[in-house]
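Novice:
Protein chains in written order, with our numbering: chain A, 1 to 121; chain B, 1001 to 1158.
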């Protein structure tokens, strides 16, 4: 049974609010960064805030809130965290490699070439 | 009977997390998991060989701490801007690990740590191209990847 908000103790509410705010703020910062950063390769870093501690904080808050309010262990949110973590690199690599391919095809000098052994700076 | 024990156990756990920890769900989940791992076996993927289980918690702890630290670092960069000496840049790192699972885990670690992104792995050169948001010292990053993660991964997936 799902309880109402007033059923959870004060310390629980504080912990839930703490994690929820952390998660939400990091996701917001990530979104703002996504909007403001100048190049594609810099922009791909910003949303990873949302996919790491953004999702992590909201996930923890949800787990604690529903565990306290329904008085049983609710941890299935962890699956969301696991799947987001495991699938993010796939999308990111796909986008990054497409961008690399495009920039290399245009002979963009700011992008390191393929099959080069020397370290790029 | 069970070609992928780890997969089977994870599937049962996932089933029970979603359906509830009851004997009925356990039986149903076990059935699904066993058939799913047989289906997986017919695809014949590489079987990950985890040699040293006791090092896994250490890796998880290290990554967990690093994710918190780099979250703070990237949030700072996004709010206050980069430090004067820092810049965004590409970084190519030669890797020693060849095991596919270990490479996949390393890719997940580097991607989930904000501030570093795994762009592409070159099987021929055995190097990985990273992009780092706040690149201060290249050698520091190479050392971080090689000593902090790669060594441990090589021990786990020997």
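A virtual CB, placed ideally from N, CA and C, is assigned to each residue, including glycine.
Among B/1012, B/1041 and B/1021, which one has its Cα closest to the Cα of residue 1004 of chain B?
Specialist: That would be B/1041, whose Cα lies nearest to the Cα of residue 1004 of chain B.
Novice: On the three-pair Cβ rule with 8 Å, is the segment 3-23 of chain A touching the segment 59-70 of chain A?
Specialist: Contact between the segment 3-23 of chain A and the segment 59-70 of chain A is present, because at least three Cβ pairs lie under 8 Å.
Novice: Put residue 103 of chain A into one of helix, strand or coil per three-state DSSP.
Specialist: If DSSP states are grouped into helix, strand and coil, residue 103 of chain A belongs with the helices.
Novice: Going by the DSSP bridge assignment, what does residue 1087 of chain B pair with across the sheet?
Specialist: According to DSSP, which records beta bridges pairwise, residue 1087 of chain B is partnered with B/1135.
Novice: So which residues of chain B does residue 93 of chain A contact, with C-beta pairs closer than 9 Å?
Specialist: The answer, in chain order, is 1107, 1111, 1117, 1118, 1119, 1120 and 1121.
Novice: Name the DSSP bridge partner or partners of residue 1122 of chain B?
Specialist: Note: residue 1122 of chain B sits in a beta bridge opposite B/1127.
Novice: Given a cut-off of 8 Å on the beta-carbon distance, is the pair residue 1075 of chain B and residue 26 of chain A in contact?
Specialist: Closer than 8 Å, so yes.
Novice: DSSP three-state label for residue 1116 of chain B, please.
Specialist: Strand, per DSSP.
Novice: Rounding to the nearest angstrom, what Cα-Cα distance links residue 120 of chain A and residue 109 of chain A in this structure?
Specialist: Residue placement at residue 120 of chain A cannot be trusted, given a pLDDT of 44 that sits under 50; what the coordinates show is reported in the next sentence. Distance between the alpha carbons of residue 120 of chain A and residue 109 of chain A: 11 Å.
Novice: Considering residue 1099 of chain B, what are the terminal residues of the alpha helix (DSSP H) in which it resides?
Specialist: Per DSSP, residue 1099 of chain B belongs to no alpha helix (DSSP H) and is neither H nor E.
Novice: So, for residue 113 of chain A: in the same chain, excluding its five sequence neighbours on each side, which residues have a beta-carbon less than 7 Å away from its beta-carbon?
Specialist: For residue 113 of chain A, where only same-chain residues beyond five positions count, the Cβ hits under 7 Å are 104.
Novice: Smallest Cα separation from residue 1112 of chain B: which of A/101, A/95 and A/49?
Specialist: Residue 1112 of chain B has its Cα closest to that of A/49, out of A/101, A/95 and A/49.
Novice: If we count the other Cβ atoms within 10 Å of its Cβ and call it buried at 16 or more, is residue 1046 of chain B buried or exposed?
Specialist: Looking at its Cβ environment, which holds fewer than 16 other Cβ atoms inside 10 Å, residue 1046 of chain B is exposed.
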